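Residue numbers (the working numbering): 520 to 650.
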């Protein structure tokens, strides 16, 4: 399991351009034992991942982002680390797009609004799984 070196908690990179969701996710994840890094667009997310990939256990990215979209975030993160655990999220769920994301290497594709208990359970499952 990858944990934050400072506080020994798994770190999640949350990539979301809606400020309210960023704060809700941060609060929910921190309350459940995660450390959180945030990015508000895809370019920032890729840059943060590049600089901190050894400390980031999970990437949770919205698909509809300014600058670089979720597809680009997924592709670029996986180029840097093929074993990265990337969860893609969207308010629009299309089974064909979901299948494409999973085939491209996402560990899961979830629909917004988030079911927080399910999201936490998924993250714990990913952390418990061997890389």
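Note that beta-carbon positions come from the ideal geometry of N, C-alpha and C, so glycine has one too. Predicted, not measured: the structure shown is a model, and the values here were computed from it.
query, result
"Test item: CB-CB of residue 567 and residue 577 under 8 Å", "no"
"From 584, 572, 621, 579, residue whose alpha carbon lies closest to that of residue 537", "584"
"C-alpha distance - residue 632 paired with residue 638, whole-angstrom precision", "11 Å"
"When 574, 546, 542, 529 are compared against residue 600, the one with the closest alpha-carbon", "574"
"Secondary structure of residue 595, DSSP reduced to three states", "helix"
"Cβ-Cβ distance between residue 581 and residue 609 below 8 Å", "yes"
"Cα-Cα separation, residue 527 to residue 554", "9 Å"
"Opposing strand residues paired with residue 554 [DSSP bridges]", "530"
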